Amino acid sequence: MLELRNVCKKFGKTVVLDNVSIKVNDGDVIAILGPSGSGKTTLLRCASYLTRADSGTLVIDGEEHDMNRISGKELRRYRNRVGFVFQNFNLYGNKTALGNVTLGLTVAQKMKKEEAEEIGRKLLAKVGLSDREDYYPSKLSGGQQQRVAIARALASNPEVVFFDEPTSALDPELTGEVLNVMRQLAEEGMTMIVVTHEMEFARSVANRVVFMEGSVIVEENTAEEFFNNPKEARTREFVQRSLSWRGADDASDGTSDGTVADNAPAGIEEKP
Amino acid sequence: MTERIIQELIDSFGKLLMAGLKVTLPLTAAAFSTGILIALFVALMQIAKVPVMRKLVRVYVWIIRCTPMIVQLFVVYFGLPNIGIKFTPFVSAWIVLSLSIGAYCSETVRAAIESVPVGQLEASYCDGLTFWQAMVHVIIPQALRTAFPPLSNSLIGLVKDTSLAYNVALVEILATAQRIASRTYDYFWLYLEAGLIYLIFCSILTVVQRKAEAALERRR
């Protein structure tokens, strides 16, 4: 349903994306893994036109778009078909949780306020925040803010949702609530592309993994194969390193409770 | 200080206060609201990088900031009639003070808009908003909150700057005091009283500003 073809992007002289192509099928949950600076976030930002690619083609449901040039009208139409969740939430500071979810509907899509609020309430309930409708972002915890942001991304009923390191800005104990919402979305069949450092999430929720390094895709595989039987030497090293961290953690505190223990080491390892 | 002076001050207080309420405050309100609109326009032309306009607004800011307000006032009130354009004292003062607020506050507003994190704009884009929709619904409301304290400063400055209109025969607070004193020769007391009226007006604004800031703070 969504395909990126031959995406190239340079920042100055630095090549960030070197002919990257990726194909997303309906219902896919794709985890994009890789060290910092490998171009994964840029790929996601190019796919939503937040960063203009130097060249590349985007195909959505058979419609082709140039990733370097697009008219404002076409772009807005495309953006209603995709959702984007940011690393640092980017909730509108002047809107309540409900206002954040409904703004795109009322302003961009000219939907009636009551109708938009009905959708907004449903989505906030879905992410477990019905009791926070009237809270401003600054009164919400990081995990709650990110759940509101997910509800906002879902408001236009998108065909695919992009997640850009959705838990990287969160305290370790808050990542679980966000990952659970994402897991639930995946189970409902939402098509998702997730740039993440959450190995456990990638392993248990994603059906496909794309591993990027040095501005190219090193390996693309099913999640199972990727973690159990990686093709490339570099991938094997990467997987082993993240798993050995986990082993060390398990041994030290005796609790092997998934995401939190996994997350911390991966986060330390890959953040600047 | 004799009884006569005390009586004179009590009698004149009402007149000065009325001059403030009937002339100074309306002039302040008119000039400030027009000025803020100009400032917003100037800031947006620069931020949106509108061709030609962004250059023109900079010329405007340059001229207004680098010439004395009283010269501008004289040009508008005494000079323009030479080429057939006549304004009343009130309108002349309104024009000059608005242009001044517009030029000075445009930098405040521009800085405030640029202080809103770029992620707010990106999120708006992802919601399908256009640049201008994002400005109106997301960016400017947050920017004005940031700009509120410096803008209040300009407002209080403006209350006092209206006294410049004295020079174009607008009978505001200072001119009223001057007229009374020219009959009684109690310049010392009447000008002190005029100062007191400004002090009262600006003190009220200061309190209102503090309250408004607290109210804004509760809404975020």
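Top to bottom, those sequences are chains A and B.
Take 5 as the starting number for the first sequence in our numbering and just add one per residue.
Take 3 as the starting number for the second sequence in our numbering and just add one per residue.
All C-beta atoms in this analysis are idealised placements derived from N, C-alpha and C, irrespective of residue type, glycine included.
These figures come from a predicted structure and were not determined experimentally.
Query	Result
What are the residues of the region 100-124 of chain A that lie near chain B, defined by any Cβ-Cβ distance shorter than 8 Å?	107, 108, 111, 112 and 113
For residue 202/A, which of helix, strand or coil comes out of DSSP?	coil
Using 8 Å as the threshold, is the C-beta distance between residue 18/B and residue 179/B below it?	yes
Are three or more beta carbon pairs between the region 13-27 of chain B and the region 66-85 of chain B nearer than 8 Å?	no
Would residue 140/B count as contacting chain A if we go by Cβ distances under 8 Å?	yes
Pop quiz: residue 94/A and residue 32/B are said to be a contact at Cβ under 8 Å. What is the actual Cβ separation, rounded to whole angstroms?	The pair is not a contact, with the Cβ atoms about 38 Å apart (cut-off 8 Å).
Using a Cβ-Cβ cut-off of 8 Å, state whether residue 15/A counts as contacting chain B.	no
Does residue 151/B have its Cβ less than 8 Å from a Cβ in chain A?	no
Please say whether residue 105/A and residue 152/A have beta carbons closer to each other than 8 Å?	yes
Within the 8 Å Cβ cut-off, does residue 134/A reach chain B?	no
Since residue 227/A contacts residue 213/A with CB under 8 Å, what's their CB separation in whole angstroms?	5 Å
Could you give the DSSP three-state label for residue 104/A: helix, strand or coil?	helix
Enumerated in chain order, which unbroken segments of the beta strand (DSSP E) with a length of 3 residues or greater are wholly contained in the region 119-200 of chain A?	164-168 and 195-199
May I have the straight-line CA-CA distance separating residue 203/A from residue 34/A, to the nearest angstrom?	12 Å
Can you confirm whether the region 178-194 of chain A touches the region 132-151 of chain B when touching is taken to mean that 3 or more C-beta pairs between the two stretches lie within less than 8 Å?	no
Could you tell me the distance, in whole angstroms, from the CA atom of residue 137/B to the CA atom of residue 111/A?	12 Å
Distance check for residue 37/B and residue 168/A, CA to CA, integer angstroms please.	42 Å
What number of angstroms, rounded off, separates the C-alpha of residue 162/B from the C-alpha of residue 6/B?	29 Å
Measuring CB atoms only, is the region 25-41 of chain A touching the region 196-211 of chain A, in the sense that at least three cross pairs come out at less than 8 Å?	yes
Give the residues from the region 53-75 of chain A that approach chain B closer than 7 Å (Cβ to any Cβ), ordered along the chain.	54
Using 8 Å as the threshold, is the C-beta distance between residue 8/A and residue 46/A below it?	no
Mind checking whether residue 40/B and residue 100/B have CB atoms under 8 Å apart?	yes
State yes or no: is the beta carbon of residue 80/A nearer than 8 Å to at least one beta carbon in chain B?	yes
Would you report the Cα separation of residue 170/B and residue 21/B, rounded to the nearest angstrom?	16 Å
Looking at C-alpha atoms only, which residue of 144/B, 203/B, 34/B and 210/B is the closest neighbour of residue 97/A?	144/B
Taking the alpha-carbon of residue 129/B as reference, which of 159/A, 245/A and 68/A has the nearest alpha-carbon?	159/A
By Cβ distance below 7 Å, which residues in the same chain neighbour residue 56/A in space, the five residues on each side in sequence not counted?	72
Using 10 angstroms around the beta-carbon of residue 79/B, count the other beta-carbons present and answer buried if the total reaches 16, otherwise exposed.	buried
Count the other CB atoms within 10 Å of the CB of residue 119/A; is the residue buried (16 or more) or exposed (fewer)?	exposed
Quick one: give me the first and last residue of the beta strand (DSSP E) that residue 68/A is part of.	67-70
Could you pull the start and end residues of the beta strand (DSSP E) that residue 228/A belongs to?	It is not in any beta strand (DSSP E) - residue 228/A instead sits in the alpha helix (DSSP H) that spans 227-232.
Which partner residues does residue 12/A have in the DSSP bridge list?	59/A
Can you list, in chain order, the residues of its chain whose CB lies under 8 Å from that of residue 103/B, leaving out five sequence neighbours each side?	33, 34, 36, 37, 38, 40, 41, 156 and 160
Just curious, the beta strand (DSSP E) that residue 35/A is in, first and last residue?	33-37
Can you give the Cα-Cα distance for residue 133/B and residue 205/A, rounded to whole angstroms?	35 Å
Using the C-alpha atoms, what's the distance from residue 115/A back to residue 131/A?	22 Å
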